[in-house]
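In our numbering, the protein residues as written are 7 to 838. This report concerns only the one structure given below.
Put into structure tokens, the structure is as follows:
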């Protein structure tokens, strides 16, 4: 029995078979290879593909989702979508024509507007569409105001030809996924399809690199890919393409517009950017002139284009070309500009802004698909045959009220492709996305593309958002296409981390990654010590003094600054009798500033913004840690023992993640910023705990318990015992944690270490910076401190005032250091 039997029986129109149900010649060898391999081998190859995609971190995220659980691994089928070379060459002619045409439309709409003046296109189609950016009118006269990169979605229609479904012009996606699909297929294709030769993708990628070199004046370091950030559904692709094209990956806050130019904010200063490949929609690119509430773009970017100081792929304003209202007029436009017939067929489209067309649409609603011309609005598509009588009447009212906002399209059934399910091969609808690139006066077309496959057998739409999968597009070639070449499609997850060139937001995120991770670890340690003291209160024959528990609980409030916390006098009775209520709040309340949940959310955000910089294994570990953490904090009714167990597990995750971070990059590169942040935070937390736990005079039993808690809170109890074999004393603990120049966690050691780290930073090499001065003052103070003086008491004082005063001064020095450090490296508005 044929492996394709069920696919053959359920597909009325498909890619593999012709209308007489004979296999198409260009599919014959591939189908024979699949039949010969059998289902078991196909499933093995599918598992191999899944492993490669997951191991490379290839993801496609659900739109607007920041929930880790909704971040999906990219999927691909081991059966390719196949097109014969002769047919593809004919399609390419049509694609080049369409790309040229859209480029001419683009320049005309932002310059002479002949299409409107000569009634080729109704003015309402253009000016009522939010994609038309009047802010860049007249830019069409500029030489570099061009549609450099163009993508088109196609599917095979009833006549057997490829039909255009939609055009992608403002920030076309999918190229990175197409490259990754090909790279992944290469790992299995020689085993599964040993004698099949396909056209290669690398010439197109080389052309893209050449275009970037040309636009950037030969200095590729002045080019950047502008992304909206890691919450974007295709962020993986943004990172991937920046690596493949060897350009900077930047977010809006990485860039600064000054004096009509665009600058990359780096740790050593501002560096000019003259070429931008953008991956965000027009309106979000510039909050100054376009969408004033956008937090993604760069204020002044439009003015930089106006001043001819930056090239953009594709320029702001190109969103108007995705206007489906243009479709009914494309034949006339093609005749007007090129004197040619449109080569690629389109879905029949009626713009409802014309009376004759509106009347036709209203009479034939049952057979049409209705949609707005403007996809910047919320996308809603009406399938006429699925509407109830009330819904149909409502839609008719909408069309009559605002006819110029809508188009109607014929409902077409497109061809199917064979798709491997876990049990069998079934038919699925498929859409091909092809890519075109501007080259001199012409366009080149990539010999391949991205194929998206529907999630079910009979959908009305094919969408990755709705759970679809993908295929590699194979344009069949011959043995001459199988030449051995260097790997021109590397993906190394590399971003610039040299200390001079790392971008300022990346640097700032590294700094705060260290701080939030240090705070998360310290908070977890102290809370867990408190909980275990509560658990063991009645376990030991000599129970823990209640007073020492209260002191440690107060220290938690001070360290986390979750006031009033355990210092709430009005609730003192309940807090002392039932401390777990407050402790659980400090653990789980994500909206409570200073809580462990709040700190972890900040840590998660910095981790997300550094995902392309840190080792992939650290991301996998963090995602696992975050999943279990969120399950824990959203769970109610856990016992005290369960909470302690969860915190133990969380602590292990944090420490493991800390080690992965340290393995990601060298200290002399961006890791130095993480180290500085971690040490500053560790020192400030140590000072806070020392002021709460070491500056009060207690009786011997309470003092022993508090000193033990202090050491455990910095995971230093065993290290202390190894050096001071006597019992716990305030003198030795102060000497150990504050004054010791050898112990890596002591305040003296951290201060000295920070001063050494500062020498590796760019701006510290020429002069003593303000943040260094603060640490030099701290170092001088520590060197002049004497432990006996620090712990001396006056009369009946219950406070070690010398120690408290010294710690207060040290705290001020560290705060000044942190502020000065941020001002020095993370703000550039004082630079030219």
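Ideal Cβ positions, reconstructed from N, Cα and C, are used throughout, including at glycine. Since the model is a prediction, treat every value here as computed from it, not as a measurement.
Since residue i and residue j should fall inside the 8 Å C-beta cutoff, what is the C-beta to C-beta distance between them, to a whole number of angstroms?
i           : j           : result
residue 826 : residue 698 : Rounded, the Cβ-Cβ distance is 26 Å, inconsistent with contact.
residue 289 : residue 297 : 4 Å
residue 163 : residue 351 : 6 Å
residue 757 : residue 784 : 5 Å
residue 515 : residue 605 : Contact flag wrong, Cβ pair sits at about 15 Å.
residue 92  : residue 320 : That pair is no contact at about 31 Å.
residue 252 : residue 226 : 6 Å
residue 508 : residue 94  : Going by Cβ atoms, the distance from residue 508 to residue 94 rounds to 43 Å, so no, they are not a contact pair.
Of the residues the options, which one's Cα is nearest the Cα of residue i?
i           : options               : result
residue 262 : 232, 305, 245 and 238 : 305
residue 332 : 104, 369, 752 and 233 : 104
residue 206 : 595, 303, 188 and 220 : 188
residue 112 : 78, 428, 102 and 147  : 147
residue 704 : 353, 797 and 271      : 797
residue 707 : 149, 477, 580 and 736 : 736
residue 235 : 115, 615, 768 and 624 : 615
residue 749 : 122, 763, 32 and 730  : 730
residue 254 : 260, 169, 137 and 231 : 231
residue 628 : 326, 519, 192 and 596 : 519
residue 652 : 587, 592 and 534      : 534
residue 279 : 558, 295, 257 and 370 : 257
residue 773 : 793, 830 and 354      : 830
residue 181 : 195, 245, 140 and 120 : 245
residue 449 : 101, 86 and 27        : 101
residue 228 : 760, 270 and 717      : 270
residue 84  : 430, 823 and 720      : 430
residue 193 : 781, 650, 630 and 51  : 51
residue 64  : 184, 90 and 152       : 184
residue 781 : 137, 823 and 812      : 823
residue 249 : 215, 399, 338 and 267 : 215
residue 1   : 799, 696, 685 and 9   : Summary: the structure shown does not reach residue 1, with the chain confined to residues 7 through 838, and so no result is reported for it.
residue 557 : 791, 585 and 530      : 585
residue 725 : 752, 790, 237 and 819 : 752
residue 402 : 201, 420, 358 and 717 : 358
residue 820 : 510, 694 and 315      : 694
residue 779 : 767, 761 and 453      : 761
residue 817 : 696, 769 and 120      : 696
residue 81  : 140, 356, 427 and 791 : 427
Looking at the ligand GDP, does it come within less than 7 Å of residue i, judged from the CB to the closest heavy atom?
i           : result
residue 190 : Inclusion of the ligand GDP in the displayed structure is not the case, the ligand content being empty and no account of it being possible.
Determine which residues share a DSSP beta bridge with residue i and list them.
i           : result
residue 5   : There is simply no residue 5 to check, as the chain begins at 7 and stops at 838 in what is shown.
residue 129 : DSSP, once it has assigned bridges, lists no residue as partnering residue 129.
residue 79  : 65
residue 275 : 272
residue 482 : 204
residue 475 : 459
residue 389 : 375
residue 162 : 168
residue 173 : 158
residue 20  : 422
residue 37  : Answer is none; residue 37 lacks a bridge partner.
residue 509 : 272
Looking at the C-beta of residue i, does it have a partner C-beta in chain B at a distance below 8 Å?
i           : result
residue 787 : Although the question refers to chain B, the structure presented lacks it and comprises just one protein chain.
| If we count Cβ pairs, one from each stretch, closer than 8 Å, do we get three or more for the segment 705-715 versus the segment 671-690? | no
| request: Determine, using beta-carbon pairs with one atom in the segment 365-381 and one in the segment 407-424, whether at least three such pairs fall under 8 Å. | output: yes
| What are the complete beta strand (DSSP E) segments, minimum 3 residues, inside the segment 425-469? | 431-445, 448-451 and 456-459
| query | Is it a yes or a no for the segment 259-277 touching the segment 195-212, going by three-plus beta-carbon pairs under 8 Å? | reply | no
| alpha helix (DSSP H) runs contained entirely in the segment 694-765, provided each spans 4 or more residues | 706-719, 723-729, 736-740 and 753-764
| Residue ranges of each beta strand (DSSP E) within the segment 767-807, 3 or longer | none
| In chain order, which alpha helix (DSSP H) runs of at least 4 residues are fully inside the segment 284-339? | 307-312
| Of all the alpha helix (DSSP H) runs that stay within the bounds of the segment 535-620, which reach a length of 4 or more residues? | 552-566, 578-583, 585-594 and 602-615
| Does the segment 49-56 touch the segment 111-127, meaning 3 or more C-beta pairs lie closer than 8 Å? | no
| Which runs of the alpha helix (DSSP H), 4 residues or longer, sit entirely within the segment 221-275? | 241-250
| field | Cβ contact check for the segment 192-200 and the segment 450-460: 3 or more pairs under 8 Å | value | no
| field | contact_flag[the segment 657-672, the segment 520-531] where n(CB pairs < 8 Å) is 3 or more | value | yes
| Inter-stretch contact at 8 Å, needing at least 3 Cβ pairs: the segment 348-365 / the segment 404-414 | yes
| request: Kindly provide the ranges of any alpha helix (DSSP H) runs that are 4 or more residues long and lie completely inside the segment 97-125, ordered along the chain. | output: 120-123
| message | Closer than 8 Å is the cut-off here; do at least three beta carbon pairs connect the segment 593-607 with the segment 628-641? | response | yes
| the segment 150-166 touching the segment 381-400, judged by at least three CB pairs closer than 8 Å | no
| said: Taking contact to mean 3 or more Cβ pairs, one atom from each stretch, closer than 8 Å, check whether the segment 300-315 and the segment 335-347 are in contact. | reply: no
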